[in-house]
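All remarks here apply to the structure that follows.
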Amino acid sequence: MVRHIFISAIFFSMPFISWANNEYDFEHEDSAYSLNEVQVTAQSYKEVIPAQTLQGQQFEALRSHSVADALRYFSGVQIKDYGGVGGIKTVDIRSMGTNHMGVFYDGIQLGNAQNGQIDLGKFSLDNIEEISLYNGQKSDIFQPARDFGSAGTLYLRTKRPTFADTKHYNVKAIFRTGSFGLANPSILYEQKLSENINLSLNAEYIYANGKYKFRYKKVFSDGTIAWDTTAVRQNGDIESLRLEGGLFGRLNSGQWNLKFYYYDSEKGIPGAIVNNVWKNSQRQWDRNFFTQGSFQKKLTDKYEILVNAKYARDFMRYLNPDTTLMYLDNKFWQDEIYVSVANKYSICKNWDTNLSIDYQWNTLDATLTNFAYPTRNTLLVALATSFQWNGIKTMASVLGTFVSDKSIVSSGTGSNTDIFNQRNEVTPALFMSYQPYIEFPLNFRAFYKRIFRMPTFNDLYYTDIGNANLNPEFVDQYNIGVQYSKRFDGFISRVLLKSDAYYNNVTDKIIAVPKGTGQYRWMMMNIGKVKIRGIDVNAQSDFRLFKDAKLSLNLNYTYQKAQDYSDPTDNDPESGTYKGQIAYIPWHSGSAVARANWKDFNLNYSFIYVGERYHNSSNIRANYEQPWYTHDLSGSYRFIFNNMQLTATLEVNNLLNQYYDVIQNYPMPGRNYKFILKFEI
Amino acid sequence: MKKFTYLLFAMLLFTACREDDEIFIPESINVSNPEFTSITGFYLLNEGNMGSNKSTLDYYDCTTGVYTRNIYGNANPDVPKEMGDVGNDIAIYGNRLYAVINCSNKVEVMDVATAKRIGQIDIPNCRYIKFHKGYTYVTSYAGPVEINPDYQQIGYVAKVDTASLEVVDRCLVGFQPDGIEIMGDKIYVANSGGYIVPNYENTVSVIDINTFEEVEQIEVAVNLHYVVADNHGCLWISSRGDYYETSSRLYCYDVRKKRMVTSLDVPVSDMCIQGDSIYVVSAGWSHITSSYNVTYSIVDVNLKTKVTDNFITDGTDAKIKMPYGIAVNPITKEIYVTDAKNYVNPGTLYCFDNDGKLKWSVRTGDIPAHFAFVGEQTIQNEQ
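In order, the protein sequences belong to chains L and C.
First residue of the first sequence? That's 1224 in the numbering used here, and the numbers climb one at a time after it.
First residue of the second sequence? That's 217 in the numbering used here, and the numbers climb one at a time after it.
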């Protein structure tokens, strides 16, 4: 049983053992892919604590994945994955819960006032250039107030057009196919409109029947098989269309962009596999539209302004057509308007301040009886300052959040009453880093942040379940860490080592509790308490193997003790939930990625490990969930054909065909394949 | 740097590997002294939260005082995905144990001595079960399918031959029928209308057992749940209320006089009748007081009044978070109360003596709820 892990360990230790003393002559580091390497035009941020980032070649190798799959390579991140192409995938950072993660798309937050969760399965990496994940917040002061408002922050940045010297347009077409009946074409067109304005258009279509084999089995204590069942996952089909367009402009010491985004999908909800039920029939439709713009300019030597605005409309329909169950056909519409102004003023060379003011308006409409039709007005004011002196960088911010909700309470007899609810919070954050020696790239960092998540519209107003008296759910984060990062000219060309230890204290956690009289009546209450103690370790290294050949390694390890402190009376030493590890959080998890380039060949291997967990904070045998780990392998080759540049990629995921559940009764696919062909003109 | 990397591997090696899932070996706990009566023990059905597939079966052996948790998997190691999702009712007929597994759309039929599976009766969205002369009658929410967007699903009672385990007939009743009782040659079914909220059902359907046709609908109150017969020709019917203005109540209907005799302000989550007493537990959230209203009541069927609001006399009720199921031993009159807590944590079973003093308690599966006594007087199952 230890075998697979051991093989991985050997695989990754090998370069250190056998090649550590080899010396070769090298060309420049990025030669293998320099042909099409994207030059990132973004300004370098003066961050106190840098992000975990996927970009460039490292990102290329993972490009066929969804955003959620790519995030598995970050430390401190747990993905809740319900399996399949269209299955819901949400991200939980440092065990604080998915609602604490803010997701930003080209600098503006993706909202979901209804349930606060962004389904990352919806976003493909097709048009994305960089993913950055920050614990706490991006420790840069020049940003909208919204960016100060989450416990963890994920930035997705789409590709900005760049053109080779004489070119005025780029075309990139990709076709993906493989397991799950996948047909996934996409096209990207970029046009240079003028010296300072570029256009980008992107369309992607996905169809998958979502069928895959899964297997459940149990054995006797002597290892002989008790039962062993293989079936095909049903109702996991998806059809979706994504259209995106953007105008990108450069100004004299500034820039602007204007974007639109449209996503339309229909999918099956495959549901839980339970005894005697191997198929479900629920369906979901999503239609998301947003348009957003951003303008940034340095007006004087000391003053810089950033203006953002967005309008979003989301539609969701949930259908349960199974008439043996409660027939449901619910539709939800959300609207959002958002405007933000950030003003940075440099007091002196190493002392900056920023004032950001955001305003946001959200509504939710639904076809539910006795629905509350909530409207929310949010005003966010953030004041931040950063200071730099010798090896010390600090940043302090304070965020004021002023939320007022209006909802309608119907008495059932036709008379409706407007209810107003106001919630005001002021929360601080402090980030520091210290590099003792300028020449030696060793960096110490620490941060403290107090933040909360507002109760969502569902938490507050969902018919029968919602509880309008909820308070925000708070989290206090404490983090200390160290980082060493250096580039070399020898066999080892780059080393990055970093580690953080953290303590998160979640209070007033919003959880569903039963209302009594039968199983199907729940409501939301502020009664959860969770304390999380964790360590993240990350090691990255690049090697020059021989001429034109490069190897990169990235190892991540996370230890988390996430204890449930909600109910001190439930303290039975064997089965009590008090101080038990919370649901689905493994003590140990990690990943390892190895990437090798040689000329136009590229080979990528990745290993993901999620250790043993329990699906309830009562850590008893009946609630035990097995560890799981997958090995993924992909190889690609790039060549020129008829003046087109072609890249062909073959991917084998879950190479050892492990059948596992991330969430109890939601089986994940076994070994699966993908073939990708990319054309570029 | 190398050291650092090796440290990383060392940490990885610390971590466990995936192993084959083993059949769950039942856990036995000695909770009490042996007692020898004609009741030799009882089965407790844990519902398990919806979608968890964690409906489990526990057994208490009165003759040894040993409580055994989660016995189904070990008794039936060849059944994929074990007993199923959301157990809703359990009963014994002859030498067979019947467990109604709501979200697994089946009634699991087992040997009463060993809990070994004999077969299953496929009934979608099945709810409660009763027996009569070689047939079993099961309520189901899942009526005939019609292509009509405004169609509301009517429920039915399935008539099942206990020899062949085949559904031999169906009788349509009201919307979302729950509790079922047989008295004389009539079947009484409490219709809830839980899927057509807020326009709940308010009737009890009366089925002639010989023709197996609905002959009458008795209007009672909204959102009915249980119906049980006493020994004096009356039906005791519980209404869940609408969770807003109309609260949960207990109604008494005289079958011979064909009229409602009384309506008591006794909220009901679960109830059982033993002799001339109805034992009731209730826990419901009140939006008015922002707290749970918890009661442990006894109703005298002769006096037709509530005798007590709290039959627990030693303060144990302070420990119970969410009273969910109740049963009374027909011989010893011991009272069993289950605590479902927050529905996802393991529950607790409390055993009280006839004076309401705690005898013992034990951890159960998730959402412990339904009982079936083994031995003489098995007729006195919960409802």
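Where a beta carbon is used, it is the ideal one built from N, C-alpha and C, also for glycine.
Check: Residues in the same chain with beta-carbon distance under 8 Å from C/Asp401, minus the five sequence neighbours each way, listed in chain order, please.; Outcome: Asp424, Ile425 and Asn426
Check: Give me the chain L residues within the contact set of C/Asp301, using Cβ-Cβ distance strictly less than 9 Å, ordered along the chain.; Outcome: Ala1495, Val1497, Asn1498, Asn1499, Val1500 and Asn1888
Check: Say whether chain L places a C-beta atom closer than 8 Å to the C-beta of C/Met217.; Outcome: Because C/Met217 sits at a pLDDT of 49, beneath the cut-off of 50, its placement in the model cannot be relied upon, and the point is left open.
Check: Residues in its own chain within less than 7 Å of C/Thr594 by CB, not counting five upstream and five downstream?; Outcome: Residue confidence for C/Thr594 is low, a pLDDT of 47 falling below 50, so the modelled location carries little weight and cannot support an answer.
Check: Pick from L/Asp1487, L/Thr1385 and L/Thr1547: whose alpha carbon is nearest that of L/Ile1429?; Outcome: L/Asp1487
Check: Going along chain L, which residues have a C-beta under 8 Å from C/Ile583?; Outcome: Gln1742
Check: Mind checking whether the beta-carbon of L/Asn1335 lies closer than 7 Å to any heavy atom of the ligand SAH?; Outcome: With respect to small molecules bound, the structure shown includes none, and the ligand SAH cannot be examined in it.
Check: Show which residues of chain C have a CB atom less than 8 Å away from the CB atom of L/Val1442.; Outcome: Asp236, Asp237, Glu238 and Ile239
Check: Identify the contact partners of C/Asn561 in chain L, using a Cβ-Cβ distance below 8 Å as the criterion.; Outcome: Asp1793, Thr1800, Asn1839, Ser1840 and Ser1841
Check: I'd like to know whether the C-beta atoms of L/Asn1749 and L/Leu1693 end up nearer to each other than 8 Å.; Outcome: yes
Check: Does the beta-carbon of C/Glu382 have 16 or more other beta-carbons within 10 angstroms, so that it is buried, or is it exposed?; Outcome: exposed
Check: Answer yes or no: do L/Gly1309 and L/Lys1490 have a C-beta to C-beta separation smaller than 8 Å?; Outcome: yes
Check: Let me check understanding here. Comparing Cα to Cα, which of L/Ala1368, L/Gly1372, L/Leu1379 and L/Gly1359 lies closest to L/Leu1348?; Outcome: L/Leu1379
Check: Grab the span of the beta strand (DSSP E) containing L/Phe1282 for me, first residue to last.; Outcome: From DSSP, L/Phe1282 is part of no beta strand (DSSP E) but of the alpha helix (DSSP H) over Gly1279 to Glu1283.
Check: Identify each residue in the region 564–578 of chain C for which the Cβ-Cβ distance to at least one residue of chain L is less than 8 Å, and report them in chain order.; Outcome: none
Check: I need the straight-line Cα distance from L/Asn1553 to L/Ala1589, nearest angstrom please.; Outcome: 7 Å
Check: Count the other CB atoms, across all protein chains shown, that sit within 10 Å of the CB of C/Cys278; report buried if there are 16 or more and exposed otherwise.; Outcome: buried
Check: Let me see if you follow: with CB-CB separation under 8 Å, is L/Leu1548 close to chain C or not?; Outcome: yes
Check: Which of the three DSSP states, helix, strand or coil, is assigned to C/Lys520?; Outcome: coil
Check: Listing by chain order, which chain L residues have their CB less than 7 Å from the CB of C/Trp501?; Outcome: Lys1738, Gly1739 and Met1746
Check: The beta strand (DSSP E) that contains C/Asp377, what's its start and end?; Outcome: Tyr372 to Asp377
Check: I'd like to know whether the C-beta atoms of L/Asp1329 and L/Lys1482 end up nearer to each other than 8 Å.; Outcome: yes
Check: Using CA atoms only, rank isn't needed, just tell me which of L/Glu1270, L/Arg1383 and L/Ser1638 is closest to L/Phe1365.; Outcome: L/Glu1270
Check: State the start and end residues of the unbroken alpha helix (DSSP H) segment that holds L/Leu1683.; Outcome: Phe1680 to Tyr1684
Check: From the beta carbon of L/Glu1696, is the nearest beta carbon of chain C less than 8 Å away?; Outcome: no
Check: Going by C-alpha to C-alpha distance, which of C/Tyr540, C/Val497 and C/Asp377 sits closest to C/Asp525?; Outcome: C/Val497
Check: Under 8 Å between C-beta atoms, does C/Arg343 make it to chain L?; Outcome: no
Check: Could you tell me the boundaries of the beta strand (DSSP E) in which C/Asn426 lies?; Outcome: Neither: C/Asn426 is in no beta strand (DSSP E) and is coded neither H nor E.
Check: Can you list, in chain order, the residues of its chain with a C-beta nearer than 6 Å to that of C/Gln433? Leave out the 5 residues immediately preceding and following it.; Outcome: Thr419 and Ser421
Check: Using a Cβ cut-off of 8 Å, which residues of the region 1849–1862 of chain L contact any Cβ in chain C, in chain order?; Outcome: Gln1849, Pro1850, Trp1851 and Tyr1852
Check: Roughly how many angstroms lie between the CA atoms of L/Val1455 and C/Lys297, to the nearest whole one?; Outcome: 15 Å
Check: Buried or exposed, going by whether 16 or more other CB atoms sit within 10 Å of the CB of L/Glu1283?; Outcome: buried
Check: Check L/Val1442 in the structure and name its three-state DSSP category.; Outcome: strand
Check: If we ignore side chains and look at the alpha-carbon of each, how far apart do L/Tyr1780 and L/Arg1295 end up?; Outcome: 11 Å
Check: Report yes or no: is there a C-beta of chain C within less than 8 Å of the C-beta of L/Tyr1541?; Outcome: no
Check: By how many angstroms is the C-alpha of L/Ala1669 removed from the C-alpha of L/Asn1702?; Outcome: 5 Å
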